[in-house]
Amino acid sequence: MTTSTALLLADLTGVAVFAASGASAAVAKRLDLFGVVFVGFVAALGGGIFRDLAIDEAPPLAFGDWRYAATAAVTAAAVFWLHPEFARLRTTVLVLDAAGLALFTVTGTVKALDAQVPAVGACVIGMLTAIGGGLGRDLLTAEIPVVLRREIYAVAALAGSILVVLLNALGHANAGWLTAAAVFVFLLRLVSLRRRWSAPVPTARPPRTGMRGRRE
1 MTTSTALLLA
11 DLTGVAVFAA
21 SGASAAVAKR
31 LDLFGVVFVG
41 FVAALGGGIF
51 RDLAIDEAPP
61 LAFGDWRYAA
71 TAAVTAAAVF
81 WLHPEFARLR
91 TTVLVLDAAG
101 LALFTVTGTV
111 KALDAQVPAV
121 GACVIGMLTA
131 IGGGLGRDLL
141 TAEIPVVLRR
151 EIYAVAALAG
161 SILVVLLNAL
171 GHANAGWLTA
181 AAVFVFLLRL
191 VSLRRRWSAP
201 VPTARPPRTG
211 MRGRRE
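Residue numbers for the sequence shown follow full-length UniProt numbering, so the first one is 1 and each next one is one higher.
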């Protein structure tokens, strides 16, 4: 299997995973079939559309290759019809979401590097490819985006992007090493969920009481 074929399969797998995640969130909000498919489409392809626009690839693959849109739509529709069974698989959904995060991190970073984007820009594009769909999903379903909460989500994607850039600089950007990078992101996300790791948040301090606030 060539690297390009492996990247295509990883891309389509990530599309299906994020479409299922987006559709599941839409079903929980009791959207209709069109709403579920639309949210699934945005969740699956939003990050890839940003990536392609950033590297000046027109039209974006989401619009230029029917397999992407079809994979997202079919997966989201399947979740709509099968949601009673799917709703019981919350742990499975989290695992699949972590897998999608890992796959999109690697493919987004690799495509940015192939487009001659400098290292720092490739890291940013790789991270945004991975989290862009989830950001759109959460906004459409009126949730605070996961990337803005305490969970290790965007940080895992950024760490994976940096690892891919380092592998490329060392001449190890082959299928085996890129798979290892995806596994790293996947495990980092799952371990952070398991151990409840989080980024630091501001500590709430009680308001200061002035002289007038003291009791006589």
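Beta carbons are placed, not taken as given, at the ideal position from N, Cα and C, and that holds for glycine.
N-terminal and C-terminal residue of the alpha helix (DSSP H) that residue i is part of
| i | result |
| --- | --- |
| V39 | 33-54 |
Per-residue DSSP class, three states only, for residue i
| i | result |
| --- | --- |
| A16 | helix |
| L8 | helix |
| G64 | helix |
| G22 | helix |
| H172 | coil |
| A58 | coil |
| R189 | helix |
| R215 | Low per-residue confidence applies at R215: pLDDT is 49, beneath 50, and the placement is therefore not dependable, though the value from the model is reported in the following sentence. In this structure, R215 counts as coil in the three-state DSSP scheme. |
| V27 | helix |
Contact under 8 Å by Cβ, residue i with residue j
| i | j | result |
| --- | --- | --- |
| V15 | A44 | yes |
| V17 | A76 | no |
| V27 | V79 | yes |
| A140 | V42 | Inspection of the sequence shows that residue 140 is occupied by Leu rather than by Ala. Result yes, Cβ atoms of L140 and V42 sit closer than 8 Å. |
| R30 | T129 | no |
| I131 | A112 | no |
| G121 | G47 | no |
| G22 | G176 | no |
| C123 | I162 | yes |
| R137 | V74 | no |
| L103 | A25 | no |
Short CB-CB distance (under 8 Å) between residue i and chain D
| i | result |
| --- | --- |
| N168 | Judged by its chain identifiers, the structure shown contains no chain D, having just a single protein chain. |
- Ranges of the alpha helix (DSSP H) found wholly within the UniProt domain "Glycine transporter" (95-168), counting only runs of at least 4: Those alpha helix (DSSP H) runs which fall completely within the UniProt domain "Glycine transporter" (95-168) and span 4+ residues are 119-140.
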